[in-house]
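Under our numbering, residues 95 to 363 are what the sequence shown spells out, in order. Glycine included, every Cβ here is placed at the ideal spot set by N, Cα and C. Only a predicted model underlies this, so the values are computations on that prediction, with no experimental measurement involved. The structure appears below as structure tokens.
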Amino acid sequence: MRIIVCESAEEVALRAAIESIEYLGEALSTQSSGKSENPEASCVLGLATGSTPLGLYREWIERYRAEEISFRNVTSFNLDEYCGIPPSDPQSYHSVMHENLFRHIDIDPAKAHIPVTDCDDLSQSGERYEAMIEEAGGIDLQILGIGSDGHIGFNEPGASFSSPTRVKTLTKRTREDNARFFPSIDHVPRTALTMGLGTIMSARAILLLATGKGKAKAIRDTVEGPITAMVPASILQFHPYATVILDAAAASELALIDYYVDAERNRQS
Ligand code: F6R
95 MRIIVCESAE EVALRAAIES IEYLGEALST QSSGKSENPE ASCVLGLATG STPLGLYREW
155 IERYRAEEIS FRNVTSFNLD EYCGIPPSDP QSYHSVMHEN LFRHIDIDPA KAHIPVTDCD
215 DLSQSGERYE AMIEEAGGID LQILGIGSDG HIGFNEPGAS FSSPTRVKTL TKRTREDNAR
275 FFPSIDHVPR TALTMGLGTI MSARAILLLA TGKGKAKAIR DTVEGPITAM VPASILQFHP
335 YATVILDAAA ASELALIDYY VDAERNRQS
């Protein structure tokens with residue numbers, strides 16, 4: 095794992111923008127044709143909701159407005175969607191993504207995918223989502239946040255390491271953490287349709303972002319703890335290309351923090 099420690103949440107957003115734009119390269123070029131014949135010039139992005147990636151999305155939007163990047167050759171797949179609230183609900187991840195990213199950029203709405211939960215058969219919906227990701231050629235870069243209990247997507251402790259997109263029950267802790275977005279905890283959905291850990295691990299590269307003291311323990315367990323289903327994000331230790339970008343508070347419990355800072359300095363020199 096590559097660990098990048100930043101001073102602030104703003105710097106995390108900036109570094110995440112720089113890393114993602116560099117990694118996706120040509121695919122975000124404003125020069126390449128909208129109907130590019132060159133598969134190298136298109137890409138598949140995995141996106142997250144929650145509050146952590148919002149700074150990154152603002153950075154992307156700013157660069158799009160400055161005509162530095164374009165999303166017209168991007169296909170995206172969001173990690174998850176709540177069950178039991180319609181896409182029109184302001185707290186649905188459909189609404190959150192539209193409000194905070196999609197409506198500000200030139201991504202083709204038909205290519206911006208979010209798990210569908212307003213349907214009769216959720217397990218079929220999960221299978222269809224997996225098939226769509228495969229048809230698109232797999233995810234090139236997956237953006238992740240992390241829950242205070244170590245979840246990624248809504249893969250809560252105990253989630254199977256090889257799981258595909260399916261319905262998961264949210265833990266009490268996750269519902270409490272997310273209650274800040276709802277009128278009360280009773281309004282927080284109890285289940286969500288989420289990419290599995292297997293789906294996430296199939297992405298070619300991962301960018302996990304974490305900010306704030308509330309994530310420090312989950313980050314320590316993810317980066318330096320044993321790989322265990324009790325900390326779902328710890329499976330990322332197996333990923334060949336996972337980068338973790340942290341602010342000082344989220345990095346504050348890392349035993350090897352000096353080493354990571356040193357390694358990053360050497361990388362840049
Ligand atoms: C969101 C998601 C979750 C969040 C996590 C952290 O799509 O999959 O794993 O990334 O709950 O949420 P925030 O960023 O609000 O602390």
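Quiz prompt | Beta-carbon separation (whole angstroms), Asn167 vs Ile208, contact threshold 8 Å | solution = About 19 Å separates the two Cβ atoms, so there is no contact after all.
Self-check item: Own chain partners of Ser189 with C-beta closer than 8 Å, once the 5 adjacent residues on each side are dropped
Solution: Pro181, Ser182, Asp183
Quiz item: Are any of the Cβ atoms in chain C nearer than 8 Å to that of Ala344?
Solution: The structure shown contains no chain C, having only a single protein chain.
Quiz item: Should Leu366 be counted as a contact of the ligand F6R given a C-beta to heavy atom distance under 7 Å?
Solution: The structure shown does not extend to residue 366, since the chain is modelled only from 95 through 363, so no value can be given for it.
Quiz item: Taking C-beta to C-beta, are Leu287 and Ser219 nearer than 8 Å?
Solution: Ser219 sits close to Leu287, with the two beta carbons spaced by under 8 Å.
Quiz item: Whose CA, out of Asp280, Glu153, Arg152, Ile115, lies closest to the CA of Ser136?
Solution: Ile115
Exercise. Report yes if the CB atom of Leu264 is closer than 8 Å to the CB atom of Thr285, and no otherwise.
Key: yes
Quiz item: Does at least one heavy atom of the ligand F6R sit under 7 Å from the Cβ of Thr146?
Solution: yes
Quiz item: Taking the alpha-carbon positions, what's the Asp202 to Asp352 distance?
Solution: 43 Å
Exercise. Measure the C-alpha to C-alpha separation of Met226 and Gly290 and round it to an integer number of angstroms.
Key: 14 Å
Practice problem: Take Ser151 and list the residues in its own chain whose beta-carbon comes closer than 7 Å to its own, dropping the five residues that flank it on each side. | Solution: At residue 151 the sequence reads Tyr, which differs from the Ser that was named. Here the set comprises Asn194, Leu195.
Quiz prompt | Any non-hydrogen atom of the ligand F6R within 7 Å of Thr83 CB | solution = Because the chain here runs from 95 to 363, residue 83 falls outside it and cannot be looked at.
Quiz prompt | Beta-carbon proximity of Thr211 to Glu175, cut-off 8 Å | solution = yes
Quiz item: Identify the residues that DSSP records as bridge partners of Ser170: which are they?
Solution: Per DSSP, the beta-bridge partners of Ser170 are Leu139, Ala206.
Quiz item: Skipping 5 residues on each side, what residues in its chain have a beta carbon closer than 7 Å to that of Val282?
Solution: Arg269, Asn272, Ala273, Phe276
Quiz item: Helix or strand or just coil, what does DSSP make of Leu335?
Solution: Just to set this straight, residue 335 is Tyr in the shown sequence, not Leu. Coil.
Self-check item: Own chain, CB closer than 6 Å to Asp341, minus 5 neighbours either side, in chain order
Solution: Cys100, Ser102, Ala103, Val106, Thr305.
Quiz item: Is Glu347 helix, strand or coil when you go by DSSP?
Solution: Looking at Glu347 - three-state DSSP - the assignment turns out to be coil, as it is neither helix nor strand.
Self-check item: Bridge partners - Asp341, DSSP secondary structure assignment
Solution: Cys100
Quiz item: With respect to 7 Å, is the separation between the Cβ of Ala142 and the closest non-hydrogen atom of the ligand F6R below this value?
Solution: For the ligand F6R, a non-hydrogen atom lies closer than 7 Å to the CB of Ala142.
Exercise. May I ask whether a heavy atom of the ligand F6R can be found less than 7 Å away from the beta carbon of Gly252?
Key: no
Quiz item: Can you tell me where the beta strand (DSSP E) with Thr265 in it begins and where it stops?
Solution: No beta strand (DSSP E) holds Thr265; DSSP gives it neither H nor E.
Practice problem: Just mark Arg159 as buried or exposed, buried being the case when its beta carbon has 16 or more other beta carbons within 10 Å. | Solution: By the Cβ neighbour-count rule, Arg159 is exposed, with fewer than 16 other Cβ atoms within 10 Å of its own.
Quiz item: Is it true that the CB of Arg157 sits closer than 8 Å to the CB of Ser217?
Solution: no
Self-check item: Close beta carbons around Glu318, own chain, < 8 Å, minus the five adjacent residues each side
Solution: Leu348, Ala349, Leu350
Quiz item: Could you give the uninterrupted runs of the alpha helix (DSSP H) lying entirely in the stretch 265-335, keeping only those of 4 residues or more?
Solution: 266-272, 291-295, 310-318
Quiz item: Helix or strand or just coil, what does DSSP make of Glu358?
Solution: helix
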